[in-house]
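In our numbering, the protein residues as written are 92 to 397.
Where a beta carbon is used, it is the ideal one built from N, C-alpha and C, also for glycine.
Remember, it's a predicted structure, so these values are computed and weren't measured experimentally.
Encoded as structure tokens, the structure appears first; notes follow it.
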């Protein structure tokens, strides 16, 4: 049975983990694991090899580069890495495994990784190149996470529209969201519906609504024109990753940029939370006040749990 990987990057992380921990990884196993054909698997392999080689060149441009060889008599791939010792490979495997369990690395984990450098003579530049994929700014977060978490906190029911395994749109009304979890590179929504507890990948969700009171029910996918202040250091990255309404940007006296964007309300909330303090909502004021209330609610939730 294949496992679902939402993008090539997560599949490559998984492939790297497999090759680091197994002498041979069969092609048939990879096809089944990723639910892809031979050509797609080959693209993953080539992309991973290029990534590894780019990291190695940072160490020594003249060094012998790693290769991912396909052994026809075994029908399997093997990773040949002249530069990577056993300790470095073990650390990479650990980081990949951590990535599959949580989207974040705690300060304690980061300090532990650093402590292994001197103890085991880990190749620091190699690890640093790989660790870029673990930065919070690189994460692609599900767009409905904050809104669903708010409904869970408020103990309200909701309606959800999502894509099933065949790509069909399914709507379930009056579900009770229980919790959100993260496992194997994905966020999941666990909910109660018609006497059963079900699980749904957050990336498959198209739309959510509060259920039960018509005056409270609203479509969270409604797009509004937003005015944001973007930190100068983050501006180029923001333009590349987000849709922009206008090409004219206003440079503010503090060096930051004022820009109009086309984003959903929930997306801009999560962006402001994720890259704080580099993005700030300026208009409309309703969004500013709503975001403040959400952050206050989040703060109080953790204060009460202590």
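Pairwise C-alpha distance: residue j and residue i
i           : j           : result
residue 166 : residue 328 : 41 Å
residue 164 : residue 177 : 26 Å
residue 218 : residue 245 : 42 Å
residue 332 : residue 365 : 14 Å
residue 265 : residue 157 : 53 Å
residue 131 : residue 160 : 16 Å
residue 203 : residue 105 : 22 Å
residue 248 : residue 302 : 5 Å
residue 250 : residue 263 : 6 Å
residue 181 : residue 189 : 12 Å
Limits of the beta strand (DSSP E) - the one that residue i falls within
i           : result
residue 264 : 260-274
residue 343 : Per DSSP, residue 343 belongs to no beta strand (DSSP E) and is neither H nor E.
residue 373 : 370-374
residue 167 : 167-171
Buried versus exposed call for residue i [16 or more other C-beta atoms within 10 Å across all chains shown]
i           : result
residue 83  : With the chain covering only 92 through 397, there is no way to say anything about residue 83.
residue 391 : exposed
residue 343 : exposed
residue 275 : exposed
residue 376 : exposed
residue 362 : buried
residue 261 : exposed
residue 300 : buried
residue 171 : exposed
residue 206 : exposed
residue 179 : buried
residue 288 : exposed
residue 124 : buried
residue 114 : exposed
residue 367 : exposed
Residues near residue i in its chain [Cβ-Cβ closer than 6 Å; skip 5 each side]
i           : result
residue 359 : 317
residue 173 : 155
residue 323 : 346, 347
Same chain, Cβ closer than 8 Å to residue i, five either side skipped, listed in chain order
i           : result
residue 240 : 271
residue 379 : 372, 373
residue 200 : 189
Proximity test, Cβ basis, 7 Å: residue i and chain B
i           : result
residue 324 : The structure shown contains no chain B, having only a single protein chain.
First through last residue of the alpha helix (DSSP H) which encompasses residue i
i           : result
residue 236 : 236-244
residue 327 : 326-332
residue 454 : For the chain, the structure presents residues 92 to 397; residue 454 sits outside this window and is missing.
residue 357 : 356-365
Cβ neighbours of residue i in the same chain (closer than 7 Å, five flanking residues each side left out)
i           : result
residue 382 : 360, 363, 372
residue 109 : 116
- Give a yes or no on contact between the segment 183-192 and the segment 132-139, applying the rule of three or more CB pairs nearer than 8 Å. Contact between the segment 183-192 and the segment 132-139 is absent: fewer than 3 CB-CB pairs across the two stretches fall below 8 Å.
- Meets three-Cβ-pair contact criterion under 8 Å: the segment 383-392 and the segment 349-356: For the pair of segments examined, the segment 383-392 was found not to touch the segment 349-356: the number of CB pairs separated by less than 8 Å stays below three.
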